[in-house]
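Numbering (the numbering used here), first residue to last: 788 to 856.
Take a look at the structure below.
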């Protein structure tokens, strides 16, 4: 079983599209529940982790860590 790490700021592609037509979501919060923001219209939703992990297809864009030296 592969464990996928989801970070705040990542853009994920979901199996179903949002009513606005977009299937891409930005992760705003992680933990027991995931806070997501639709990239198309800006709508925010909270989804329980098991439902999120079943619904996600792929990580489209990983947020790059800020390297402060």
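Just so it is clear, CB atoms sit at the ideal spot from N, CA and C, and this is done for glycine as well.
Note that the structure is predicted; figures quoted are calculated from it, not measured.
(request) Give the secondary structure of residue 792 by DSSP, where H, G and I count as helix, E and B as strand, and everything else as coil. (result) If you number the chain shown from 1, residue 792 lands on position 5. In the structure shown, the three-state DSSP call for residue 792 is coil.
(request) Ignore the nearest five residues each way along the sequence and tell me which others in residue 847's own chain have a CB closer than 7 Å to its CB. (result) As a position in the chain shown, residue 847 is number 60, starting the count at 1. Within the same chain, and ignoring the five residues on either side of residue 847 in sequence, the residues whose Cβ sits closer than 7 Å to its Cβ are 798, 799, 800, 811.
(request) State the start and end residues of the unbroken beta strand (DSSP E) segment that holds residue 838. (result) Within the chain shown, residue 838 is the residue found at index 51, counting from 1. No beta strand (DSSP E) holds residue 838; the alpha helix (DSSP H) holding it covers 836-842.
(request) For residue 831, write down the residues that DSSP places opposite it in a beta bridge. (result) Translated into positions along the chain shown, residue 831 becomes position 44. Answer by DSSP bridge pairing, in chain order: 824.
(request) Quick one: measure Cβ to Cβ for residue 813 and residue 824, integer angstroms, because I've assumed they're closer than 8 Å. (result) Walking along the chain shown from the start, residue 813 turns up at place 26. Walking along the chain shown from the start, residue 824 turns up at place 37. Cβ atoms of residue 813 and residue 824 come within 8 Å of each other, at about 5 Å.
(message) I need the straight-line Cα distance from residue 849 to residue 807, nearest angstrom please.
(response) Against the chain shown, residue 849 aligns to sequence position 62. Against the chain shown, residue 807 aligns to sequence position 20. When rounded, the distance between both Cα atoms is 23 Å.
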